[in-house]
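Undergrad: According to this note's numbering, the sequence shown holds residues 73 to 846 in order.
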Amino acid sequence: MKNRQRSIFYTLFLAISLTILIAVFIVSKIFYEQTKEYLLKNIDSDIKTSLIQLKNSIYPFMDSYSIHEYENLIENELNREHVLAIIVEDYNMAKIVGSKYLVGKINNNSKTEEYDSNNKSHQEKIAHSYSHLQDNIENQNGLILGHIAIYASDKLVQEKLKYFINASIIIALLSTIIVLLVIYFVLHQIIQKPLNNIMEIINNKTVDGIPTSTIPSYNSKELAILSLTINNMIESIKESRYKLDQNIAFLKSYELALDKSSIVTKSNLKGNIIYANEYFYEISGFTPEEVIGKSHNIISHKDTPKEIYKELWETVKRKKVWKGTLKNRGKLDDYWVDSTILPILDENQNIVEFIAVRHDITKMIKQQEQLDKIANTDTLTNLGNRYKLIYDINHSLHPALAIINIDNFSQLNDFYGYELGDYILKQVGSNISGLTEHVDTNVYHLQGDEYVLFNSNVDKNEFEKNVNILVSALADMSVKINDEFLNFNFTTGISFEYKDKILSTADMALKVAKRNNENIIVFSEKISLNKEYENNIYWSKKIRTAIINNDFLPVYQPIINNKTDKVEKYESLVRMRDEDKLISPFFFLEISKKTKYYSTITKIMIEKSFEKFKDNNLEFSINLTIEDILNKEIEEYIYDMLRIYNIGPRVVFEIVESESIENFKEVLDFINKIKIFGSKIAIDDFGTGYSNFIYLMKLNTDYIKIDGSLIKEINTNKQAQVVVTMIVDFAKKMGIKTVAEFVETQEIQNKVLELGIDYSQGYFFSEPKTDILN
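#1: Assuming contact is defined by CB atoms lying nearer than 7 Å, are S567 and L473 in contact in what I supplied?
#2: Along the beta strand (DSSP E) that carries S182, what are the first and last residues, could you check?
#3: Helix, strand or coil: which one does DSSP assign to Y762?
#4: With a threshold of 16 other CB atoms inside 10 Å of the CB of K752, please say whether the residue is buried or exposed.
#5: Would you please state the rounded distance, in angstroms, between the beta carbons of S189 and L205? I believe it to be under 8 Å.
#6: Would DSSP call V363 helix, strand or coil?
#7: Taking V739 as the reference, which of I701, I746, Q230, N718 has the closest Cα?
#8: Would a C-beta distance cut-off of 7 Å place I413 and L492 closer than the cut-off?
#9: Check L601 in the structure and name its three-state DSSP category.
#10: With hydrogens ignored, establish whether the beta-carbon of F749 is closer than 6 Å to any heavy atom of the ligand NAP.
#11: Label T83 either buried or exposed according to how many other C-beta atoms from any shown protein chain fall within 10 Å of its C-beta, with 16 as the threshold for buried.
#12: What's the C-alpha gap between F848 and D375?
#13: In this structure, what does DSSP give as the bridge partners for L417?
#14: Taking the Cβ atom as the reference point for each residue, do S372 and F426 lie within a distance shorter than 7 Å?
#15: Ignoring anything shorter than 3 residues, give me the beta strand (DSSP E) runs that lie fully in the segment 469-542, in order along the chain.
#16: What residue does the beta strand (DSSP E) around N633 start on, and which one ends it?
#17: Rounded C-beta distance between T184 and L150? I'm assuming under 8 Å.
#18: Go ahead and pull the three-state DSSP assignment for K232.
#19: Which two residues bound the contiguous beta strand (DSSP E) that contains I648?
#20: Looking only at its own chain, which residues have a Cβ that is under 6 Å from the Cβ of L601, when we skip the five neighbours before and after it?
#21: Which one of Q421, V627, I663, V728 has the shortest CA to CA distance from P840?
#22: Look up L174 in the DSSP assignment and say whether it is helix, strand or coil.
#23: D830 to L714, Cα distance in whole Å?
#24: Just to confirm, is the Cβ distance from T817 to F836 under 7 Å?
#25: Span of the beta strand (DSSP E) holding Q206?
#26: Can you tell me the Cβ-Cβ gap for I270 and T286, rounded? I've got them flagged as a contact below 8 Å.
#27: With a threshold of 16 other CB atoms inside 10 Å of the CB of S122, please say whether the residue is buried or exposed.
#28: Taking the straight line between their C-alpha atoms, what separation do you get for Y187 and I158?
#29: Tell me the DSSP bridge mates of A812?
#30: In chain order, what residues of the same chain lie with their CB nearer than 8 Å to the CB of S201, ignoring the 5 residues before and after it?
#31: From this set, D521, G501, D464, which residue's C-alpha is nearest F481's C-alpha?
#32: Determine the direct distance from the alpha carbon of N422 to that of L86, and round the result to whole angstroms.
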């Protein structure tokens with residue numbers, strides 16, 4: 073750096089010196105030319121003066137033939153500094169001697185000699201003279217007496233000019249040296265010394281490369297600006313370095329946290345792995361030698377559709393982030409990950425590599441699979457249950473369904489007892505499974521004494537034929553009870569209707585078959601429309617009358633805090649008043665959905681519940697279906713009521729039928745909006761059907777209400793306990809409160825407390841009532 077300082081300084085000095093030398097040369101040249109011109113003019117003037125004086129002085133002597141006299145005049149004039157020779161031709165004397173008569177003097181090597189025209193030396197000097205003037209000599213009468221010529225000395229001129237040149241060079245050199253010395257001193261003091269000081273301060277830096285001190289201010293405006301600029305740069309660098317150190321510290325902490333909690337890999341543009349953290353090796357079972365430099369295909373699982381990988385690469389190559397759940401192949405075992413994959417860009421926004429951050433969700437997936445299996449399996453018969461049936465129906469093409477009912481089973485149950493009744497149900501289920509083993513038909517146990525045969529895509533005639541064969545075979549099979557063999561009769565309803573009606577129409581066919589005492593009936597419009605239409609009209613009239621008469625009202629069931637054993641909140645449940653009876657929604661709610669009255673009932677429930685709880689501090693919950701949430705009129709009504717009553721933090725909205733959520737974005741928007749008012753969300757009937765842990769996280773849930781079918785068997789059924797335990801453990805980890813529904817006995821409540829469920833609700837504490845407890 074110091075060499076660079078000198079280079080700048082000496083370059084500047086050299087440039088200035090060169091400029092001065094050129095200027096001095098030009099000035100000296102001009103001075104020389106002007107001096108030369110002045111000298112030559114003086115010489116010419118002197119010679120001319122000498123010529124005029126001699127011409128005027130000589131002619132009297134020439135008239136009188138006094139040669140000696142004008143020779144003296146010539147010799148005197150020859151003493152002039154620049155005169156080389158004076159030659160006079162005398163015409164009078166030429167007449168006397170009869171030939172050309174010359175009288176002259178010449179300076180030859182500082183000696184005055186008589187001019188001799190035959191003297192070669194004299195002739196050479198005359199030939200090399202600087203200049204000469206000549207003229208005729210006349211008397212007063214204008215008579216030409218002779219001719220005169222005066223020659224200037226070239227040697228003297230050259231000596232004069234040489235003297236002037238030498239003097240100019242010496243003066244120029246002295247002037248240049250003095251000016252350069254002054255300039256050098258000025259540049260050194262004004263530029264080099266401050267620059268050296270600045271560079272010394274800049275070079276005196278910490279290990280981070282930051283100068284230890286600031287640069288002082290200078291009198292020079294330019295250096296003062298330079299000092300201020302560099303000082304500002306130093307302060308900016310210090311501040312940037314401080315922020316950089318902070319960011320590096322944060323990044324190291326983030327990296328450590330990420331490294332300890334996540335599976336991290338990086339790959340190059342070809343998709344080959346170039347880095348993997350320890351967690352990756354731990355969970356995958358691979359070693360660095362087996363992974364580094366290899367394609368990500370090494371962990372790709374055959375179960376994952378190729379379309380997902382194609383979409384993944386197309387996304388990240390567009391410089392966007394890809395998120396999703398993947399099943400990965402491990403060296404020893406497969407594992408599931410929640411993946412986030414993104415491109416790393418350079419300063420020009422070009423992709424340089426890709427990074428994948430994954431979280432191991434294998435345990436959650438396996439729990440979900442176990443929960444799905446339990447939730448979709450009937451605990452008594454190990455056949456598919458109602459939720460599994462609904463799922464299969466929704467994913468079928470041309471469904472065929474038969475409901476098989478054991479005739480008079482309630483009498484058998486009463487006679488032999490519930491334990492033997494359950495044994496009969498298991499045996500019948502086992503018999504049906506055995507008979508359908510080689511037929512493409514699924515078997516389900518719905519409830520009590522009903523079984524379902526279902527095929528997702530089958531010929532109607534073939535299905536009906538198979539059902540007839542199966543029912544006949546069942547009737548021939550017996551079950552051994554207390555050393556005796558029992559045979560059973562069966563009634564069957566079959567339907568080939570659309571997916572949304574096939575179960576209800578098969579049930580309708582079953583009811584008609586029982587009423588008509590027939591073994592098998594296939595549903596048709598003929599057996600359904602009249603009765604159904606009559607039933608719908610009847611309840612539609614009742615619903616309309618109840619709305620007019622203000623006979624829809626909420627009843628309130630208390631919810632107990634299991635830590636304090638006190639009533640802490642209530643659930644509002646809809647009832648229809650019919651004279652002195654309260655009608656369950658089982659009879660009117662579905663029909664109201666087919667009419668225009670359903671949203672009106674929802675509004676009545678919301679308004680009356682808000683009014684009931686507005687003046688106390690109790691929390692209360694209101695049931696909402698997905699249909700309610702997607703209804704813009706109901707949605708806006710809820711927001712208006714929350715604004716009017718201003719009790720949002722005490723309102724809980726229970727989402728029922730959550731397994732039917734399809735418009736997930738709209739539901740999530742509703743949840744986010746009511747949370748602005750402080751309200752909470754509960755998921756009802758969780759633990760059966762399509763209960764999904766990931767769903768819960770996305771819905772930002774506050775409460776999980778565990779399905780009553782699990783709670784009712786929690787003290788007797790091991791599988792029910794396993795499912796509930798999984799739900800409670802998950803809820804605690806996610807900070808979600810749990811509520812046990814259908815707590816009907818002390819034994820059930822004891823088990824609820826043992827499993828750590830936060831709240832209890834059921835007839836053990838209180839049935840739903842028209843008023844709240846004090």
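C-beta: ideal position from N, C-alpha, C; glycine also. Since the model is a prediction, treat every value here as computed from it, not as a measurement.
TA: By the coordinates alone:
#1: yes
#2: Run containing S182: none; DSSP gives neither H nor E here.
#3: Residue placement at Y762 is poorly supported in this model, since its pLDDT is 45, which falls under 50; the coordinates are not used for a value here.
#4: buried
#5: With 8 Å as the limit, S189 and L205 do not qualify as a contact, their Cβ atoms being about 19 Å apart.
#6: Per DSSP, reduced to three states, the secondary structure at V363 is helical.
#7: I701
#8: no
#9: Reliability fails at L601, whose pLDDT of 48 lies under 50, so the model's placement of it is uncertain and the value that follows must be treated cautiously. DSSP places L601 in helix when its eight states are reduced to three.
#10: As for the ligand NAP, it is missing from this structure, which has no ligand bound.
#11: exposed
#12: Missing from the structure shown is residue 848; the chain here goes from 73 to 846 and no further.
#13: Beta bridge pairing from DSSP links L417 with I423.
#14: no
#15: 472-478, 514-517, 522-527
#16: 624-633
#17: 6 Å
#18: helix
#19: Here residue 648 is Met; the residue named in the question, Ile, does not match the sequence. Run containing M648: 638-650, per the beta strand (DSSP E) assignment.
#20: With a pLDDT of only 48 at L601, under 50, the local geometry of the prediction cannot be trusted, and the value read off the model is given with reservation. Counting only Cβ-Cβ distances below 6 Å, and skipping sequence neighbours, we find nothing.
#21: If we check each option's Cα against that of P840, V627 comes out closest.
#22: Strand at L174.
#23: 27 Å
#24: yes
#25: Per DSSP, the continuous beta strand (DSSP E) segment holding Q206 begins and ends at 204-210.
#26: Their Cβ separation, rounded to whole angstroms, is 11 Å, which puts I270 and T286 out of contact at 8 Å.
#27: Buried, because 16 or more other Cβ atoms sit within 10 Å of the Cβ of S122.
#28: One C-alpha to the other measures close to 8 Å.
#29: I778, S832
#30: Excluding positions up to five away in sequence, the list reads L156, A157, Y223, A224, S225, D226.
#31: D521
#32: 48 Å
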